[in-house]
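Residue numbers (the working numbering): 29 to 225. Virtual Cβ for every residue (Gly too), placed ideally from N, Cα, C. Report on one structure; see the data block that follows.
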């Protein structure tokens, strides 16, 4: 009697033994026996989807409306435009929200070079710092990432490091210089007169 070659599983090749890194495996697929195919629901919740008009076909539902025509923008009244610009400057850190005049917050000798300190100007908590090059800076005292107290962090090269997760902010501009924070903090001008900051 002729000898036959061993029967191999389709697409698997010969059995190369357990643990062989070159062994081919069948792709994983979900079990479907005993289950009927069901129509899947939408990926996005109703809030994010555009609902079709009553009576309109839904087979081509879109996530966002089509942009066939350019959108027309109405002119903004000058007063409203100025308020919007001021709000943007405050969020960016250019503005000085809530502090329109200089307020004494500390004596010069209370904050040594290379250190930061928590100070209060009216109802605002600030992180006041004295950079290595002698410049002074003040920013909001709350990290925009997770609410850490920046005045308890460390100062190096005019960058304040949040003690919680290590986000860094520029002490002079409030800009983010290291993740995980992505939003800047407000920066405030600082001046020293007769030893008072």
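Rounded to whole angstroms, what is the Cα-Cα separation between residue 54 and residue 212? Counted from its first residue, the chain shown places residue 54 at position 26. Counted from its first residue, the chain shown places residue 212 at position 184. Note on geometry: alpha-carbon atoms of residue 54 and residue 212 lie some 51 angstroms from one another.
Where residue 202 sits in the DSSP three-state scheme: Residue numbering aside, residue 202 sits at position 174 when the chain shown is read from its first letter. Of the three classes helix, strand and coil, the one that applies to residue 202 here is coil, per DSSP.
Quick check on the burial criterion: 16 or more other C-beta atoms within 10 angstroms. Buried or exposed for residue 160? Translated into the one-based positions of the chain shown, residue 160 becomes position 132. Exposed, since its Cβ has fewer than 16 Cβ neighbours within 10 Å.
N- and C-terminal bounds of the beta strand (DSSP E) containing residue 154: Indexing the chain shown from 1 puts residue 154 at position 126. First-last of the beta strand (DSSP E) with residue 154: 152-158.
Spatial neighbours of residue 121 within its chain, please: C-beta separation below 7 angstroms, excluding the five flanking residues on both sides. For the purposes of this step, residue 121 is taken as residue 93 along the chain shown, with counting starting at 1. Here residue 121 scores only 46 on pLDDT, less than 50, and its place in the model should not be relied on; the value that follows carries that caveat. Once the five neighbours on either side are set aside, the close Cβ partners of residue 121 are 201, 202, 203, 212, 213, 214, 215.
On the three-state DSSP scale, how would you describe residue 136? Numbered from 1 along the chain shown, position 108 holds the residue referred to as residue 136. Residue 136 carries a helical assignment under DSSP once its states are collapsed to helix, strand and coil.
Coil, strand or helix - residue 143 by DSSP: Locating residue 143 in the chain shown gives position 115, counting from the first residue. Residue state, collapsed to three classes: strand.
Between residue 145 and residue 179, which are expected to be in contact by the criterion C-beta below 8 angstroms, what is the C-beta distance as a whole number of angstroms? For the purposes of this step, residue 145 is taken as residue 117 along the chain shown, with counting starting at 1. For the purposes of this step, residue 179 is taken as residue 151 along the chain shown, with counting starting at 1. Confirmed, about 6 angstroms.
According to DSSP, simplified to helix, strand and coil, what is residue 176? Counting from 1 along the chain shown, the entry for residue 176 is found at position 148. Note: residue 176 maps to coil in three-state DSSP.
I believe residue 188 touches residue 181 by the beta-carbon criterion, under 8 angstroms. Please report the beta-carbon distance rounded to the nearest angstrom. Within the chain shown, residue 188 is the residue found at index 160, counting from 1. Within the chain shown, residue 181 is the residue found at index 153, counting from 1. Confirmed, about 5 angstroms.
With a threshold of 16 other CB atoms inside 10 Å of the CB of residue 167, please say whether the residue is buried or exposed. On the chain shown, position 139 is the one that residue 167 refers to. The C-beta of residue 167 has 16 or more other C-beta atoms within 10 Å across all chains shown, which makes the residue buried.
Is the distance from the Cβ of residue 154 to the Cβ of residue 139 below 8 angstroms? Residue numbering aside, residue 154 sits at position 126 when the chain shown is read from its first letter. Residue numbering aside, residue 139 sits at position 111 when the chain shown is read from its first letter. Result no, Cβ atoms of residue 154 and residue 139 do not sit closer than 8 angstroms.
What do you get for residue 220, buried or exposed, if any count of 16 or more other CB atoms within 10 angstroms of its CB means buried? Taking the first residue of the chain shown as 1, we reach residue 220 at position 192. Residue 220 should be labelled exposed.
Measure the beta-carbon distance from residue 150 to residue 174 and round it to whole angstroms, keeping in mind my assumption that it falls under 8 angstroms. Working through the chain shown from its first residue, we reach residue 150 at position 122. Working through the chain shown from its first residue, we reach residue 174 at position 146. The Cβ separation is near 25 angstroms, so there is no contact.
Going by beta carbon distance, what residues of the same chain come within less than 7 angstroms of residue 184, once the five residues before and after it are set aside? Within the chain shown, numbered from 1, the residue matching residue 184 stands at position 156. Contacts found: none.
Roughly how many angstroms lie between the CA atoms of residue 164 and residue 148, to the nearest whole one? To locate residue 164, count along the chain shown from 1; it is residue 136. To locate residue 148, count along the chain shown from 1; it is residue 120. Spanning the two alpha carbons is a distance of roughly 16 angstroms.
In terms of DSSP beta bridges, what is residue 168 paired with? Looking up residue 168 in the chain shown gives position 140. As a beta-bridge residue in DSSP terms, residue 168 pairs with 154.
Might you give, ordered along the chain, the residues of its own chain that have their beta carbon closer than 7 angstroms to the beta carbon of residue 207, omitting 5 neighbours on each side? The residue labelled residue 207 in the question sits at position 179 within the chain shown. For residue 207, the CB contacts under 7 angstroms within the same chain, skipping 5 residues up- and downstream, are 195 in chain order.
Roughly how many angstroms separate the alpha carbons of residue 132 and residue 224, rounded to a whole number? Counted from its first residue, the chain shown places residue 132 at position 104. Counted from its first residue, the chain shown places residue 224 at position 196. Linking residue 132 to residue 224 through their CA atoms gives a straight-line distance of about 6 angstroms.
Same chain, Cβ closer than 8 angstroms to residue 162, five either side skipped, listed in chain order: If you number the chain shown from 1, residue 162 lands on position 134. Beyond the five residues adjoining it in sequence on each side, residue 162 comes within less than 8 angstroms, by CB distance, of 141 in the same chain, given in chain order.
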